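S.K.: At position 104 of the sequence shown (counting the first as 1) the number is 104 in UniProt numbering, and the numbers step up by one without a gap.
Where is the CB? At the ideal position from N, CA and C, for every residue including glycine.
All values reported here derive from a predicted model rather than from experimental measurement.
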Amino acid sequence: MPDCLFCSIVAGTVPAFKVVDSPDGVGFLDIRPVFKGHVLVVPRPHLTQLSDLPADLLPGYFTLVQRVAAAVPRALGSQGTFVAENNVVSQSVPHLHTHVVPRTKGDGLRGFFWPRTRYSSDDEARDFSGRIAAELG
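Structural data, given as C-alpha coordinates:
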(Lines of atoms letter the chains of each structure in order from A and count residues from 1; the text may use other names and numbers.)
(Lines give C-alpha, C1' and ligand atoms only; values in the text may rest on other atoms or scores of the structure.)
Protein backbone atom coordinates (compact mmCIF):
# COMPACT_ATOMS: atom_id res chain seq x y z
CA MET A 1 0.00 0.00 0.00
CA PRO A 2 1.81 3.14 -1.19
CA ASP A 3 0.65 5.52 1.55
CA CYS A 4 1.44 3.15 4.44
CA LEU A 5 4.65 3.99 6.32
CA PHE A 6 5.25 0.37 7.34
CA CYS A 7 4.66 -0.93 3.80
CA SER A 8 7.26 1.60 2.64
CA ILE A 9 9.73 0.33 5.26
CA VAL A 10 9.07 -3.27 4.15
CA ALA A 11 9.62 -2.22 0.51
CA GLY A 12 12.84 -0.41 1.43
CA THR A 13 11.67 2.96 0.13
CA VAL A 14 11.66 4.52 3.62
CA PRO A 15 14.76 4.01 5.77
CA ALA A 16 14.51 2.24 9.11
CA PHE A 17 16.86 0.68 11.61
CA LYS A 18 16.06 -2.90 10.66
CA VAL A 19 16.98 -5.80 12.91
CA VAL A 20 15.57 -8.52 10.64
CA ASP A 21 14.21 -8.72 7.11
CA SER A 22 12.76 -12.12 6.27
CA PRO A 23 10.03 -13.64 4.11
CA ASP A 24 7.81 -13.75 7.23
CA GLY A 25 8.16 -10.07 8.10
CA VAL A 26 10.41 -7.19 8.99
CA GLY A 27 11.58 -6.02 12.41
CA PHE A 28 12.85 -2.49 12.98
CA LEU A 29 13.39 -0.07 15.85
CA ASP A 30 10.43 2.03 16.97
CA ILE A 31 11.50 5.66 16.45
CA ARG A 32 9.78 6.59 19.74
CA PRO A 33 10.64 3.59 21.91
CA VAL A 34 9.25 2.82 25.33
CA PHE A 35 12.82 1.70 26.10
CA LYS A 36 15.76 1.77 23.71
CA GLY A 37 15.82 -1.43 21.68
CA HIS A 38 11.99 -1.45 21.30
CA VAL A 39 11.33 -3.35 18.06
CA LEU A 40 8.26 -3.37 15.84
CA VAL A 41 7.68 -6.58 13.88
CA VAL A 42 5.38 -6.27 10.86
CA PRO A 43 4.13 -8.79 8.31
CA ARG A 44 5.06 -8.12 4.69
CA PRO A 45 1.51 -7.76 3.34
CA HIS A 46 -0.54 -4.75 4.32
CA LEU A 47 -2.92 -5.93 7.03
CA THR A 48 -4.56 -3.65 9.55
CA GLN A 49 -5.04 -5.92 12.56
CA LEU A 50 -4.36 -9.39 13.88
CA SER A 51 -7.73 -10.75 12.74
CA ASP A 52 -6.71 -9.88 9.14
CA LEU A 53 -3.61 -12.11 9.24
CA PRO A 54 -4.34 -15.23 7.17
CA ALA A 55 -4.01 -18.50 9.10
CA ASP A 56 -1.24 -19.73 6.79
CA LEU A 57 0.92 -16.70 7.72
CA LEU A 58 0.45 -17.06 11.50
CA PRO A 59 3.20 -19.65 12.14
CA GLY A 60 5.91 -17.77 10.25
CA TYR A 61 4.96 -14.36 11.61
CA PHE A 62 4.76 -15.42 15.24
CA THR A 63 7.95 -17.48 14.94
CA LEU A 64 9.63 -14.25 13.81
CA VAL A 65 8.11 -12.35 16.77
CA GLN A 66 9.33 -15.14 19.08
CA ARG A 67 12.86 -14.95 17.63
CA VAL A 68 12.97 -11.17 18.13
CA ALA A 69 11.64 -11.54 21.70
CA ALA A 70 14.46 -13.99 22.44
CA ALA A 71 17.16 -11.89 20.75
CA VAL A 72 16.38 -8.56 22.44
CA PRO A 73 17.39 -9.61 26.01
CA ARG A 74 20.52 -11.40 24.76
CA ALA A 75 21.55 -8.36 22.70
CA LEU A 76 20.75 -5.68 25.24
CA GLY A 77 21.20 -7.38 28.61
CA SER A 78 17.56 -6.88 29.59
CA GLN A 79 15.86 -9.50 31.73
CA GLY A 80 12.93 -10.06 29.37
CA THR A 81 10.49 -8.44 26.99
CA PHE A 82 6.97 -7.10 26.84
CA VAL A 83 5.21 -8.25 23.66
CA ALA A 84 1.98 -6.52 22.63
CA GLU A 85 -0.30 -5.48 19.78
CA ASN A 86 -2.96 -2.85 19.42
CA ASN A 87 -5.82 -3.54 17.04
CA VAL A 88 -7.24 -0.35 15.51
CA VAL A 89 -7.49 1.63 18.79
CA SER A 90 -4.09 3.14 19.70
CA GLN A 91 -2.49 2.02 16.44
CA SER A 92 -0.47 5.04 15.30
CA VAL A 93 0.14 3.30 11.95
CA PRO A 94 -2.78 1.23 10.62
CA HIS A 95 -0.61 -1.77 9.68
CA LEU A 96 -0.44 -4.83 11.92
CA HIS A 97 2.63 -4.58 14.13
CA THR A 98 3.84 -6.36 17.22
CA HIS A 99 5.82 -4.44 19.85
CA VAL A 100 8.80 -6.21 21.42
CA VAL A 101 9.96 -4.01 24.30
CA PRO A 102 13.03 -4.81 26.43
CA ARG A 103 12.16 -5.07 30.13
CA THR A 104 14.17 -5.14 33.33
CA LYS A 105 12.74 -5.40 36.83
CA GLY A 106 12.33 -1.92 38.27
CA ASP A 107 12.38 -0.21 34.85
CA GLY A 108 9.36 1.90 35.83
CA LEU A 109 6.86 0.66 33.25
CA ARG A 110 3.46 0.40 34.90
CA GLY A 111 0.29 -1.02 33.36
CA PHE A 112 -0.49 0.30 29.93
CA PHE A 113 1.13 3.71 30.38
CA TRP A 114 3.81 3.72 27.71
CA PRO A 115 6.14 6.70 28.15
CA ARG A 116 8.22 7.32 25.04
CA THR A 117 11.83 8.34 24.59
CA ARG A 118 14.11 9.03 21.61
CA TYR A 119 17.51 7.87 20.47
CA SER A 120 20.16 10.54 20.94
CA SER A 121 21.41 10.05 17.38
CA ASP A 122 21.22 7.78 14.34
CA ASP A 123 24.50 6.26 15.51
CA GLU A 124 22.92 5.24 18.80
CA ALA A 125 19.92 3.73 16.98
CA ARG A 126 22.30 1.92 14.59
CA ASP A 127 24.16 0.49 17.59
CA PHE A 128 20.95 -0.88 19.13
CA SER A 129 19.65 -2.30 15.84
CA GLY A 130 23.06 -3.79 15.06
CA ARG A 131 23.28 -5.61 18.38
CA ILE A 132 19.81 -7.10 17.98
CA ALA A 133 20.43 -8.01 14.32
CA ALA A 134 23.66 -9.78 15.32
CA GLU A 135 21.70 -11.94 17.80
CA LEU A 136 19.22 -12.82 15.06
CA GLY A 137 22.04 -13.90 12.75
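Is it buried or exposed, residue 96, if we count other Cβ atoms within 10 angstroms and call 16 or more buried?
M.R.: Counting from one through the sequence shown, the residue named residue 96 turns up at place 96. Result: buried.
S.K.: Going by C-alpha distance, which of 3, 17, 9, 8 is nearest residue 122?
M.R.: Along the sequence shown, one-based indexing puts residue 122 at 122. The shortest C-alpha separation from residue 122 is found at 17.
S.K.: Pull up the CB-CB distance for residue 132 and residue 72, whole angstroms please, since I reckon it's below 8 Å.
M.R.: Walking along the sequence shown from the start, residue 132 turns up at place 132. Walking along the sequence shown from the start, residue 72 turns up at place 72. Residue 132 to residue 72, Cβ: 6 Å. Contact.
S.K.: Could you check the C-alpha separation between residue 103 and residue 76 for me, to the nearest Å?
M.R.: Looking up residue 103 in the sequence shown gives position 103. Looking up residue 76 in the sequence shown gives position 76. Their backbone Cα atoms lie some 10 Å apart in a straight line.
S.K.: For residue 52, which of helix, strand or coil comes out of DSSP?
M.R.: Along the sequence shown, read from residue 1 onward, the residue named residue 52 stands at position 52. In the structure shown, residue 52 sits in a helix (DSSP, three-state: H, G or I).
S.K.: Among the residues of its own chain, which have a CB less than 6 Å from the CB of residue 98, if the five just before and after it don't count?
M.R.: Along the sequence shown, one-based indexing puts residue 98 at 98. Cβ neighbours of residue 98 beyond the five flanking positions: 41, 65, 85.
S.K.: Taking 7 Å as the limit between beta carbons, can you name the residues of its chain near residue 52, skipping five residues before and five after?
M.R.: Here residue 52 corresponds to residue number 52 of the sequence shown, with the count starting at 1. Excluding positions up to five away in sequence, the list reads 96.
S.K.: Just to confirm the assignment, what range does the beta strand (DSSP E) spanning residue 80 have?
M.R.: As a working note, residue 80 is residue 80 in the sequence shown. From DSSP, the beta strand (DSSP E) with residue 80 extends over 80-84.
S.K.: Between residue 36 and residue 135, what straight-line distance do the alpha-carbon atoms span, to the nearest angstrom?
M.R.: Position 36 of the sequence shown holds residue 36. Position 135 of the sequence shown holds residue 135. Their backbone Cα atoms lie some 16 Å apart in a straight line.
S.K.: Is residue 19 near residue 88, with beta carbons less than 8 Å apart?
M.R.: Here residue 19 refers to the residue found at position 19 of the sequence shown. Here residue 88 refers to the residue found at position 88 of the sequence shown. Taking 8 Å as the Cβ cut-off, residue 19 and residue 88 do not qualify as a contacting pair.
S.K.: So what's residue 76 in DSSP terms, helix, strand or just coil?
M.R.: As a first step, residue 76 must be located in the sequence shown, where it is residue number 76. DSSP places residue 76 in helix when its eight states are reduced to three.
S.K.: If you compare alpha carbons, which of 12, 118, 15, 109 is closest to residue 81?
M.R.: Mapped onto the sequence shown, residue 81 falls at position 81. The candidate whose alpha carbon is nearest that of residue 81 is 109.
S.K.: Unbroken alpha helix (DSSP H) runs of length 4 or more, entirely within the segment 78-137: which are they?
M.R.: If we require 4 residues or more, the alpha helix (DSSP H) runs fully inside the segment 78-137 come out as 122-136.
S.K.: DSSP beta-bridge partners for residue 18?
M.R.: In the sequence shown, counting from the first residue as 1, residue 18 sits at position 18. According to DSSP, residue 18 bridges with 28.
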